[in-house]
Amino acid sequence: MCFTVYYYVDVAAAWSDPHGIGWAPGMVATALGTPSSYCTAFVAVMAAWEAGRLARGGFWELAPARTRAHVVARQLWPGVALAWLAAVAPVAVSLVQNRTVPDGWSLLPLGTVLVDLVLWAVVGFVAGTKVSPLIAAPAMGVLSFLLLATSVAVGPVWWRQVAGCIVEAPVPGETYSVAAAAAPVLFTVGLAGAAVLLWTLAAPRTVRVVAALALVTAVTFGASRIVDGWGYFGGMRTQAVPTSCAGHAPEICVAASSKAGPGSLRAEVARTVERLQSAGVAQPPAKVIDSATQGRYPQPSSAKTWYVPLTSSARKGELGYQVMRDAVRFPCRAPQQNWARAVLAWAAERTGQTTPYEKALRADPFFDDLVWQKDRQQIDKVLQLPESGQRTWFAHGLVAACAKGKTA
32 MCFTVYYYVD VAAAWSDPHG IGWAPGMVAT ALGTPSSYCT AFVAVMAAWE AGRLARGGFW
92 ELAPARTRAH VVARQLWPGV ALAWLAAVAP VAVSLVQNRT VPDGWSLLPL GTVLVDLVLW
152 AVVGFVAGTK VSPLIAAPAM GVLSFLLLAT SVAVGPVWWR QVAGCIVEAP VPGETYSVAA
212 AAAPVLFTVG LAGAAVLLWT LAAPRTVRVV AALALVTAVT FGASRIVDGW GYFGGMRTQA
272 VPTSCAGHAP EICVAASSKA GPGSLRAEVA RTVERLQSAG VAQPPAKVID SATQGRYPQP
332 SSAKTWYVPL TSSARKGELG YQVMRDAVRF PCRAPQQNWA RAVLAWAAER TGQTTPYEKA
392 LRADPFFDDL VWQKDRQQID KVLQLPESGQ RTWFAHGLVA ACAKGKTA
């Protein structure tokens, strides 16, 4: 319950659906990000303590009436069920509050977490059987938590994919692959299998230790080979985002699951496009597509098709500004800031987007109000020129922003 409250208060309001299009794979992964580490620590502690309780009572010295597996399952299921509830609840809250129905691919990371919790319970139980629960329980809690939670900050990149901590949520157009879900399970299976070998293998202690270490090494190597070369955002599969379109010249396309339909966005987009055309900034495109539907690396805009973050900018009240920003294209990747500010400020003035543009400037920690006042004075002079003079200045500004040695 605490994880659910934490998620709802700290995560859900701002991050459960950052793109505003109801992408279930991202919602599920985001909801699991924090609870997964704490649930793992909880279930390991619980299992170690339960094992110690049985050992203190001399249970294993009694005549066997049930198999070890049966006994272990009966002892572990209450704690595992509680950990499962703590993991599932934030996911359910996220999906319900966003009115989103997940598919099988969306739930893959949840399945990984649920299986890992069972396996960590086995590891904790064996630890509690071999070591005093006063030592084993806190040690398992700390070690299991650190193993997952610190994987994002230490070690090679592949380690974060293998450890099982969900760090990067899929963006629209992505879902976790079967391999991404299987790699951490394989690693945890190795840990649980090694623990079982240490407990049940009828062999000298040295043989059992060597067998356990060999198993952990083998599965870790195998899991690392699965994720080799994935990088920070690896293990994702692409899945097309269904879209819904409305209007003509420009046609507006957003995700079919978006809370804001294309019809509700088209008026603001069309108005900004018309102002851009009258100012000579750009010709109207045939289609404007929400860049959120294009995955982690959206396509660059072309003359006929613009890719703009329609849904997310509409939620922030910056739809017209983002359309204007995409329409002003410099002929280089890194234009000079003085010319870029001036050109964008003029375009913002002509399209009625000065307020959101100034807000974006002031969000920059290096924003200089004196420089901005100087830019405003220059733009006021440009706005007094005839229409042809303003268009000439704009065209010159685009080129000058990419020319060395020229200042505004």
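The numbers in the working numbering rise by one with no breaks, and the one at position 221 of the sequence shown is 252.
Virtual Cβ for every residue (Gly too), placed ideally from N, Cα, C.
Buried or exposed by the 16-neighbour rule on C-beta atoms within 10 Å, applied to residue i
i: I410; result: buried
i: P273; result: exposed
i: T143; result: buried
i: F156; result: buried
i: D395; result: exposed
i: Q368; result: exposed
i: V154; result: buried
i: G204; result: buried
i: F73; result: buried
i: T98; result: exposed
i: S309; result: exposed
i: F425; result: buried
i: Q384; result: buried
i: W108; result: exposed
i: L178; result: buried
i: T219; result: buried
i: P187; result: exposed
i: E448; result: Outside the shown range of the chain (32 to 439) lies residue 448, about which nothing can therefore be said.
i: L401; result: exposed
i: I166; result: exposed
i: L222; result: buried
i: S289; result: buried
i: V319; result: buried
i: S248; result: Rather than Ser, the amino acid found at residue 248 in this sequence is Thr. Under this definition T248 is an exposed residue.
i: G172; result: buried
i: P235; result: exposed
Residue from the options with nearest C-alpha to residue i
i: G443; options: Y69, P387 and Y328; result: With the chain represented from 32 up to 439, any question about residue 443 goes unanswered, as that position is not in the structure.
i: E199; options: T61, V149 and V157; result: T61
i: M355; options: S332, T206, A214 and R346; result: S332
i: G266; options: W151, S208 and V216; result: S208
i: R256; options: R268, G53, P215 and S309; result: P215
i: F264; options: I52, G57, G51 and W151; result: G57
i: A313; options: W377, G159, R360 and I52; result: R360
i: L145; options: T131, V111, L165 and M171; result: V111
i: W115; options: T98, T324 and Y69; result: Y69
i: D51; options: Q353, G221 and P340; result: The residue asked about is misnamed: residue 51 is Gly in this sequence, not Asp. Looking at the Cα atoms, P340 is the closest of the given residues.
i: Q270; options: R297, V285, W108 and T324; result: T324
i: W337; options: W151, P316, A225 and Y328; result: P316
i: A100; options: T206, V319, R393 and V227; result: V227
i: W190; options: A123, L126, W261 and Q330; result: W261
i: A55; options: W136, A78 and L179; result: W136
i: A134; options: V173, Q421 and T206; result: It should be pointed out that residue 134 corresponds to Asp in this sequence rather than to Ala. Ranking V173, Q421 and T206 by Cα distance to D134 puts T206 first.
i: C363; options: T71, A431, D400 and I197; result: A431
i: W151; options: A123, A210, V188 and L217; result: L217
i: Q415; options: F176, A434 and R381; result: R381
i: G335; options: A378, H279, W370 and S343; result: Looking at the sequence itself, residue 335 is Lys, so the reference to Gly does not match. Considering only alpha carbons, the answer is H279.
i: T131; options: V119, G53, A373 and V102; result: G53
i: V102; options: S67, T160 and A184; result: T160
i: C196; options: A371, A249, T71 and G294; result: T71
i: V202; options: V250, R302 and R327; result: R327
i: V162; options: V127, A78, L148 and V185; result: A78
i: A118; options: D147, Q128 and A365; result: D147
Residue i, DSSP secondary structure in three states
i: K347; result: coil
i: I197; result: coil
i: W115; result: helix
i: S175; result: helix
i: A277; result: strand
i: W337; result: strand
i: D321; result: strand
i: G51; result: coil
Rounded Cβ spacing between residue i and residue j (contact assumed at less than 8 Å)
i: W80; j: A168; result: 5 Å
i: D321; j: C284; result: 7 Å
i: A212; j: P140; result: 6 Å
i: L296; j: A345; result: 6 Å
i: Q106; j: L138; result: Not quite, the Cβ-Cβ distance comes to about 28 Å (not below 8 Å), so this is no contact.
i: A358; j: L307; result: 5 Å
i: A287; j: S275; result: 4 Å
i: S175; j: A82; result: Wrong, their Cβ atoms sit about 15 Å apart, outside the cutoff.
Mind listing, in chain order, the continuous beta strand (DSSP E) runs of no fewer than 3 residues lying wholly within the region 207 to 253?
none
Residue ranges of each beta strand (DSSP E) run of no fewer than 3 residues wholly in the region 256 to 319, ordered along the chain?
267 to 269, 274 to 277 and 282 to 286
Just list the beta strand (DSSP E) runs in the region 108 to 166, keeping only unbroken ones of 3 residues or longer that don't cross its boundaries, in chain order.
none
Could you give the uninterrupted runs of the alpha helix (DSSP H) lying entirely in the region 356 to 434, keeping only those of 4 residues or more?
368 to 382, 385 to 393, 400 to 414 and 418 to 431
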